Every structure is written in C-alpha cells, then in structure tokens.
Amino acid sequence: MQWRNTARRYGLVARFFHWAMFLLIGLTTFLALNIETMPEADRDFTTWLHRSFGVLIGGLLLLRVAWKLANPQPDDLPGPAWMSLAAHAVHWVLYGVVLVQVVAGITMSQADGATVGLFGLFDLPAFVVADPGLEAFCREVHETVWIVLTVLVIGHVLAALHHHFSESGEVFDRMGVGSPRQD
Ligand code: HEM
Ligand code: HEM
687 MQWRNTARRY
697 GLVARFFHWA
707 MFLLIGLTTF
717 LALNIETMPE
727 ADRDFTTWLH
737 RSFGVLIGGL
747 LLLRVAWKLA
757 NPQPDDLPGP
767 AWMSLAAHAV
777 HWVLYGVVLV
787 QVVAGITMSQ
797 ADGATVGLFG
807 LFDLPAFVVA
817 DPGLEAFCRE
827 VHETVWIVLT
837 VLVIGHVLAA
847 LHHHFSESGE
857 VFDRMGVGSP
867 RQD
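The structure is reproduced here in structure tokens:
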C-alpha cells in the first residue's frame with residue numbers, strides 16, 4: 687500500500703485523514719447536539735471534550751491540506767467535465783466549511799471567556815478578549831455552518847454512491863479503507 691497518492695488512488699495518509707476526520711466530526715457533532723439535554727453535571731465536561739475534538743479536527747485539517755498540496759492528485763474519475771469540476775469544488779468547500787466551523791468555535795469560546803485547548807495537553811493562546819457581541823455572532827455562525835456541512839456531506843456521499851453504482855465503480859477503491867484492487 688502506497689503512503690502517497692498515485693494517479694489511480696489516494697494513498698494511505700490521505701485515506702487516514704479522510705476517515706479519521708469523518709469519525710471525529712461525527713463524534714464531536716453528536717456530543718454537541720446532546721449537551722442541552724444531558725444532566726447539568728455532565729455539560730461542562732462534554733463541552734470541554736467537544737472543544738478538544740474540534741481543536742484536533744482543526745489541526746488535522748491543516749496537516750491534511752498541506753499533505754494534499756504536497757501530493758499528486760488522483761486522475762479525475764470517468765464522467766462529464768462538469769462532474770469533475772463539481773467534485774473538486776465541493777472538496778475545497780468542505781475544507782473551507784470545516785475551517786470556518788473550527789475558527790467560529792474557538793472564537794466563540796474565547797469571546798465567552800473560556801480557555802480552549804487539546805484535552806488538557808496544552809492551551810491555545812487567547813486570540814480574542816471576552817466580548818458578548820462577538821460571542822453571539824460566532825455562535826450564530828457555528829449553529830448555521832454545521833447544517834451547511836451536513837448538507838454538503840450528504841451531497842458528497844450521494845455523489846460517491848452514484849459513481850460507485852452508475853459510473854466506474856472505482857471510487858471506493860480510491861478512498862476506501864480496504865485493500866485496493868491490483869493495478
Ligand atoms: C465529514 C464528512 C466528510 C468530509 C468532510 C469529506 C471530505 C472529503 C474531501 C475533502 C475529499 C477530497 C479528498 C482530497 O482531494 O484531498 C473526499 C473524498 C472522498 N470522500 Fe469524503 N468526506 C466526508 C465523508 C465521506 C463519506 C461518509 C463517504 C462515504 C460515502 C465519503 C467518500 C469519499 C470518497 C469515495 C472520496 C474520493 C473521491 C475521489 O475518488 O475523487 N466521504 N472527501
Ligand atoms: C468541525 C468541528 C466542529 C463541529 C462539526 C461542531 C459542531 C457543533 C454543533 C453541531 C454544535 C451544536 C449547535 C446547536 O446547538 O445548534 C456545537 C456547539 C458548540 N461548539 Fe462546536 N463544532 C466544532 C468545533 C468546535 C470548536 C473547535 C469549538 C471550540 C474550541 C467548539 C465549541 C462549541 C461550543 C462552546 C458549543 C456550544 C455548546 C453548548 O453550550 O450547547 N466547536 N458545535
């Protein structure tokens with residue numbers, strides 16, 4: 687198995703980033719959506735966990751984009767040019783939306799006077815001072831952007847399934863977690 691991407695498929699590192707981030711984004715969203723309904727005593731810890739997972743996602747995102755830029759990209763899948771263009775555009779928009787979500791989360795928390803860090807290993811510097819207006823604005827952004835992310839991910843999954851069943855059937859060989867077919 688190749689570490690780096692090839693013209694045929696994503697390498698091991700790109701696959702690791704893709705599926706690790708998918709699991710972490712799912713987990714951190716699940717935690718956040720349950721905070722309001724859980725017992726008061728568990729809320730602070732769950733918010734702390736949610737923030738730490740969010741910071742981890744942000745770090746992985748930066749490494750992932752650096753890795754993407756330093757690697758060849760697999761050739762476009764067979765299909766009309768507009769479909770390849772749409773796939774590339776959605777991939778970059780997904781990166782952008784995750785970044786906005788992380789930045790809004792960190793800014794909202796710091797503007798609320800909270801310390802943001804990674805599971806107690808280290809704290810991030812304070813980028814903003816306490817500011818209720820900024821906190822409210824970033825909360826709005828944070829509460830809206832995860833819905834945008836969810837819609838985009840649903841479109842992305844449908845496109846992958848479409849490719850798998852109607853077009854080349856190769857798409858999960860390129861980004862899947864199993865052993866790739868032989869060239
Ligand atoms: C949080 C959820 C997800 C995000 C943010 C995400 C993001 C991305 C991005 C940015 C790429 C392009 C990779 C690159 O060029 O570096 C990609 C590729 C891909 N994703 Fe996802 N993805 C998510 C979930 C999923 C799920 C659930 C599936 C399963 C159906 C999936 C299937 C794929 C496949 C098959 C590719 C490769 C496309 C190709 O061969 O060109 N993704 N994803
Ligand atoms: C991709 C990463 C992230 C995702 C997908 C995400 C998702 C969410 C979701 C779905 C909510 C609930 C929104 C609602 O109730 O309508 C939420 C709330 C919240 N998020 Fe994030 N978030 C991420 C990153 C972060 C980061 C990095 C931080 C801060 C360091 C953060 C801090 C918060 C806080 C403080 C809340 C409010 C919790 C509460 O009091 O109910 N999030 N997030």
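Here our numbering is used: the first residue of the sequence shown is 687, the next is one more, and so on.
The beta-carbon is built from N, C-alpha and C at its ideal position, and this holds for glycine as well.
All values reported here derive from a predicted model rather than from experimental measurement.
Residue nearest to residue i in terms of C-alpha spacing, selected from the options
| i | options | result |
| --- | --- | --- |
| PRO764 | THR714, ALA700, ARG694 and ALA797 | ARG694 |
| PHE716 | PRO811, LEU838 and PHE739 | PHE739 |
| MET861 | GLN759, LEU710 and ALA812 | GLN759 |
| LEU835 | TYR696, HIS774, PHE808 and PHE708 | PHE708 |
| GLY697 | LEU746, TRP753 and LEU748 | TRP753 |
| HIS848 | ALA812, MET769 and PHE703 | MET769 |
| PHE808 | TRP734, LEU719, LEU710 and LEU713 | TRP734 |
| ALA773 | VAL863, LEU844 and SER852 | LEU844 |
| LEU804 | GLY745, TRP778, ASP730 and ASP817 | GLY745 |
Buried versus exposed call for residue i [16 or more other C-beta atoms within 10 Å across all chains shown]
| i | result |
| --- | --- |
| TRP705 | exposed |
| THR723 | exposed |
| ASN691 | buried |
| ALA767 | exposed |
| LEU747 | buried |
| GLN688 | exposed |
| VAL795 | As written in the sequence, residue 795 is Ser, which differs from the Val given in the question. When all chains shown are included, SER795 counts as buried. |
| PHE851 | exposed |
Short Cβ contact (8 Å threshold) for residue i with residue j
| i | j | result |
| --- | --- | --- |
| HIS699 | VAL741 | At residue 699 the sequence reads Val, which differs from the His that was named. It is not a contact, given that the beta carbons lie outside the stated cut-off. |
| VAL888 | ALA800 | In the structure displayed, the chain extends from 687 to 869; residue 888 sits before or after that span and is not available. |
| LEU838 | LEU785 | no |
| VAL776 | GLY841 | yes |
| HIS736 | GLN787 | no |
| GLU821 | ALA846 | no |
| THR732 | ILE721 | yes |
| LEU719 | ILE743 | no |
| PHE823 | ARG750 | no |
| ILE792 | LEU810 | yes |
| ARG814 | ARG701 | For clarity, residue 814 is Val in the given sequence; the question names Arg instead. Cβ atoms of VAL814 and ARG701: not closer than 8 Å. |
Start-end ranges of the beta strand (DSSP E) lying completely within the stretch 739-825, minimum 3 residues | none
Kindly confirm or deny that the stretch 842-860 and the stretch 746-763 touch, where touching means at least three C-beta pairs closer than 8 Å.
-> yes
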